[in-house]
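Here's the structure, in C-alpha cells; my notes come after.
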Amino acid sequence: MRDCVVIKWGGGLITDKEKMCTPNMQIIESLSNVMKRCMDEGLNVILVHGAGSFGHLRAKHWRLNEGLLESYNFEQQDDCKSQKEAVSIVRNEMLTLNKNICDSLKNLGLNTSVKSPHKWARNTGSNFDGNILEVFSDYQDSICITYGDVVDCEDESSFGILSGDDLVVRLSEEIPNVRRLVFAIGGVDGILKKPPESANEDDLIEVWSPDLKFEGIHNTEIDVTGGIGLKATRGAEVAMLGIEVLIINGSYPQRVFDACMGIEVLGTKIIA
Ligand code: IPE
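Below is the structure:
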C-alpha cells in the first residue's frame, strides 16, 4: 500500500481574503503542480481546502457558524435575504472555488473526486457524523477533494460550519495508510511566538506541543472558524496517533513538496 498524505490548503492561502470570492490562481496552480510531483513520487494525496473569501465573509455576516438564529434581525443583502438563503449561497460559493481547484488539477492530467461535505457529513467539530471510509473509498485511484462547508446539524441549530481543520483529523484517523498531515497556510512560515506584524524569523516555533502557549492570530472580523489555534489543536490530536503533522508556508512550492515527502523543511512540526 502506498503512503498517504492529507494536505489542507488554507483559505487565506488560495484566495484573496479581503475580496469577496477571489481565487489566487497563481497559488492554486503552483500547489496543483506540487500535487502532481507527489503523485509521481508514488504518494496518495487527499486534499482538503478552506474557504477564504469564498465562504467566510458571507458566513460571518449571516453568523452561519452559530446555526439558525430565528429571532435575530439580520441586515439583508441585495442578493441574500435570510440565513437559509445564505446557507445555499455559501455552499455554491464553495462549489465555485472547488471547481477552480479541480480544473487546475485536471489541467495537469490528474483525476479528481470531489466529496462535498453538505452531501455526506452532519454536525460540526472533529467528531462530526460521516462515513469517511465509504465516502473516500476511491482515494487510491483519484485525488479525493473535500473542503470546509456548511453542513446540516441534527440539533436545533439546524446547520453549522464544518471546518477543513476538522475534516483533516478524521481523514488522518480513519484512512489506514496516512503517514503525514500538512497544513499549507498563507503569509507565515508556521506557528509564530508573536502576531506576524511584530514577529521576525527567530519567532518561528519549530516544534509545537499543546503545553506551549503562543499569541495566535485569529482574524475574527473575517474568520468564522478557528484560525491557527484550531490547526494547532487539531494537529496535536492527529500527532497523538503517531502521524507526522506540519504547518508550513504554502507560498513556497518546494517547502510544500518537501513537507509531503517527509523531507526536513522550514515550518512548525506539531507533536502531541
Ligand atoms: C470554512 O472552512 C468553511 C466556510 C466558511 C464555509 P475552513 O475553516 O476550512 O476554511 P479556511 O481555511 O479557514 O478558509
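So the number in my numbering is just where the residue sits in the sequence shown, counting from 1, plus 1. A virtual CB, placed ideally from N, CA and C, is assigned to each residue, including glycine. This structure is a prediction, so every number in the text was calculated from the model and none was measured.
Selected residue, minimal CA-CA separation from residue i, among the options
i      : options                        : result
GLU86  : LEU168, ILE264, PHE160         : PHE160
SER105 : ILE244, GLN27, GLU216          : GLN27
ALA184 : GLU19, ASP156, LYS232, GLY227  : The amino acid occupying residue 184 in the given sequence is Phe; Ala does not appear at that position. Nearest of GLU19, ASP156, LYS232, GLY227 to PHE184, Cα basis: LYS232.
CYS5   : ARG235, PRO196, CYS39          : CYS39
PRO211 : ILE229, ASP203, GLY187, ASP204 : ILE229
VAL151 : GLU202, GLY126, THR16          : GLY126
MET36  : GLY110, HIS57, LEU267, GLU174  : GLY110
ILE102 : ASP41, TYR140, GLY12, LYS195   : GLY12
ARG180 : CYS154, SER143, CYS261, GLY165 : CYS261
Rounded separation between residue i and residue j - CA only
i      : j      : result
ASN112 : LEU70  : 40 Å
ALA52  : MET2   : 32 Å
SER199 : ILE249 : 19 Å
THR234 : LEU182 : 13 Å
LEU213 : LEU172 : 26 Å
GLY251 : GLU157 : 38 Å
ASN128 : VAL246 : 19 Å
PRO118 : LEU163 : 8 Å
ARG59  : GLY268 : 31 Å
GLU76  : ARG92  : 20 Å
ASP142 : HIS57  : 32 Å
Cβ-based burial, residue i [other Cβ within 10 Å; buried from 16]
i      : result
ASP80  : exposed
LYS120 : exposed
SER83  : exposed
LYS107 : exposed
VAL239 : buried
SER54  : buried
SER33  : buried
MET95  : buried
LEU134 : exposed
ASP190 : buried
LYS195 : exposed
LYS270 : buried
Presumed contact (8 Å Cβ cut-off) between residue i and residue j, rounded CB distance
i      : j      : result
THR226 : ASP166 : 7 Å
ILE176 : PHE137 : 6 Å
Could you name each continuous beta strand (DSSP E) segment of 3 residues or more that falls completely within the stretch 143-198, going from the start of the chain to the end? 144-148, 150-153, 160-163, 179-186
Can you check the stretch 66-139 for any beta strand (DSSP E) of at least 3 residues that lies completely inside it and give the ranges in chain order? For the stretch 66-139, the continuous beta strand (DSSP E) assignments of 3+ residues that do not extend past its boundaries occur at 113-115, in sequence order.
Return the chain-ordered ranges of every beta strand (DSSP E) run that is complete within the stretch 4-35 and spans a minimum of 3 residues. 5-10
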